[in-house]
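So that you can map any letter, position 47 of the sequence shown is 44 in the numbering used here, and since no number is skipped, the others follow by simple counting.
Backbone N, C-alpha and C fix where the C-beta goes; we use that ideal spot for every residue, glycine too.
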Amino acid sequence: MLNEKVAELLNTQVNKEFYSAYLYLAFSNYFSEEGLNGFSNWYLIQAQEERDHAMLFVQYMQNNDAKITFEAIGKPEFSAEKHIDVLNAGLKHERYVTGLINNIYGTAYEVKDFRTMQFLDWFVKEQGEEETNANDLIKKMELFGSDPKSLYLLDQEMAARTYAAPSLVL
């Protein structure tokens, strides 16, 4: 049985992951409206990943007989004057999610909930990858985004991204 505080944080994370999916759908829509369908694809896949992350948390909680409460998902709020603003918002959000995961991990550690810590190990690694990907995307936009031909090629690179569901065994 999960510690009450750990279960509460895990439940909150379910809802935060679904919010992340909404946020990335909004980013995808922004880029679609801008005619950058590759970037739109990149964030659509991000949204799929976040949805699957939420479902992994749900499955873990169900496997541990923890009560799950689904909250209303807030409307994603962001403003963008330039494409780079969306990318920066994405990196900021990934850093926020990393903090949330670290907080759950720390709480699980305090109560010696090693099973939850082991479950979270994958997410800790994943968040490192997410931050690196977001940062790399910003660097590419800074290098190539002001030149229309280079932006076109970068957009084509983003269009090539495909979705692979996580293979985390619970």
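For residue i, count neighbouring Cβ atoms within 10 angstroms of its own Cβ and tell me buried if that reaches 16, exposed if not.
i: residue 8; result: buried
i: residue 44; result: buried
i: residue 96; result: exposed
i: residue 143; result: exposed
i: residue 86; result: buried
i: residue 93; result: exposed
i: residue 46; result: buried
i: residue 118; result: exposed
i: residue 162; result: exposed
i: residue 149; result: exposed
i: residue 123; result: buried
i: residue 133; result: exposed
Report, in whole angstroms, the separation of the C-beta atoms of residue i and residue j, which I expect to be a contact under 8 Å.
i: residue 12; j: residue 70; result: 7 Å
i: residue 48; j: residue 18; result: 4 Å
For residue i, collect the residues of the same chain with a Cβ closer than 7 Å to its Cβ; drop the 5 residues on either side in sequence, then sort them by chain order.
i: residue 42; result: 158 and 160
i: residue 0; result: 108 and 110
i: residue 21; result: 40, 43, 44 and 47
For residue i, I'd like the list of residues in its chain whose CB is within less than 6 Å of its CB, leaving aside the five on either flank, ordered along the chain.
i: residue 51; result: 11, 14 and 15
i: residue 147; result: 141
i: residue 28; result: 36 and 37
Starting from the C-beta of residue i, find all residues in its chain whose C-beta is less than 8 Å away, skip the five residues before and the five after it, and write them out in chain order.
i: residue 38; result: 25, 155, 156 and 158
i: residue 23; result: 73 and 75
Between the segment 99 to 116 and the segment 128 to 146, are three or more C-beta pairs nearer than 8 Å? no
My parser needs the alpha helix (DSSP H) runs of 4 or more residues fully inside the segment 84 to 145; what are they? 111 to 141
Report yes or no: do three or more beta-carbon pairs, one from the segment 120 to 135 and one from the segment 55 to 69, lie closer than 8 Å? no
When the Cβ atoms of the segment 53 to 66 are set against those of the segment 74 to 86, are three or more pairs found closer than 8 Å? no
Threshold first: 4 residues or longer. Then list the alpha helix (DSSP H) segments lying entirely within the segment 19 to 97, N to C. 34 to 60
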